[in-house]
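Residue numbers (the numbering used here): 129 to 308. Where is the CB? At the ideal position from N, CA and C, for every residue including glycine.
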């Protein structure tokens, strides 16, 4: 993985099994990983231990809880079904990025902060494409497992995306930071 930054050496590892000595890294970064792992809190603890003094832990996550309160009923219903499907089929914790701030503080990290970039629905942009892809991925699973009403909710969400009646927040791409 080439880089133009002279003091950065990217590495990729399986954080569920790989381990490193304490203080191995100045930066530990994950994106869209921990919220899908059952042992997320234990892995976060291990990752924090890999940080050198002054090193940063950076977690990128997707939080779709904003969509659960959408003023547009088809979006709200589809997001509710999507969140339930992500929990059931992937073990996802859709609010982990925000909750990780507390875990980071408990682990003794300093300068803990949280940033977020909303993704929009109904504007024809990347949020629509992402949400549509997620609904298309989970809808057949729900139908096959007998969750017809949830699959129907997702179908209505797809119909809304095809002709949105407004623009809303679908979720937030969060980044949680903490420093050893």
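Just tell me which of 172, 254, 298, 253 has its CA closest to the CA of residue 225.
By 1-based counting over the chain shown, the position of residue 225 is 97. Selected option, being the one with the closest Cα: 172.
Using DSSP's beta-bridge definition, name the partner residues of residue 246.
Taking the first residue of the chain shown as position 1, residue 246 is located at position 118. DSSP, once it has assigned bridges, lists 300 as partnering residue 246.
Under a Cβ-count criterion, where at least 16 other Cβ atoms within 10 Å of its own Cβ denotes burial, should residue 142 be classed as buried or exposed?
Numbered from 1 along the chain shown, position 14 holds the residue referred to as residue 142. Under this definition residue 142 is an exposed residue.
Which residue spans inside the segment 209-288 form an unbroken alpha helix (DSSP H) run of at least 4?
Whole alpha helix (DSSP H) segments, 4+ residues: 224-234, 254-272.
Do residue 244 and residue 301 have their C-beta atoms closer together than 8 Å?
On the chain shown, position 116 is the one that residue 244 refers to. On the chain shown, position 173 is the one that residue 301 refers to. Yes, the Cβ-Cβ distance between residue 244 and residue 301 is below 8 Å.
Who are the Cβ neighbours of residue 293 in its own chain at under 8 Å, not counting the five residues just before and after it?
Counting from one through the chain shown, the residue named residue 293 turns up at place 165. Answer for residue 293: 200, 250, listed in chain order.
I want to know whether the segment 255-268 touches the segment 203-218 - three or more CB-CB distances under 8 Å.
Judged by Cβ distances under 8 Å, the segment 255-268 makes contact with the segment 203-218, as three or more pairs qualify.
Have a look at residue 274 and residue 268 and give me their C-alpha separation to the nearest angstrom.
Indexing the chain shown from 1 puts residue 274 at position 146. Indexing the chain shown from 1 puts residue 268 at position 140. Computed Cα separation, rounded: 10 Å.
Going along the chain, which residues of its own chain have a beta-carbon closer than 6 Å to the beta-carbon of residue 151, five neighbours each way excluded?
Taking the first residue of the chain shown as 1, we reach residue 151 at position 23. Excluding sequence neighbours, residue 151 sits near 180.
Given a threshold of 16 other Cβ atoms within 10 Å of its Cβ, counted over all protein chains shown, does residue 123 qualify as buried or as exposed?
Here the chain has residues from 129 to 308 only, and residue 123 is not among them.
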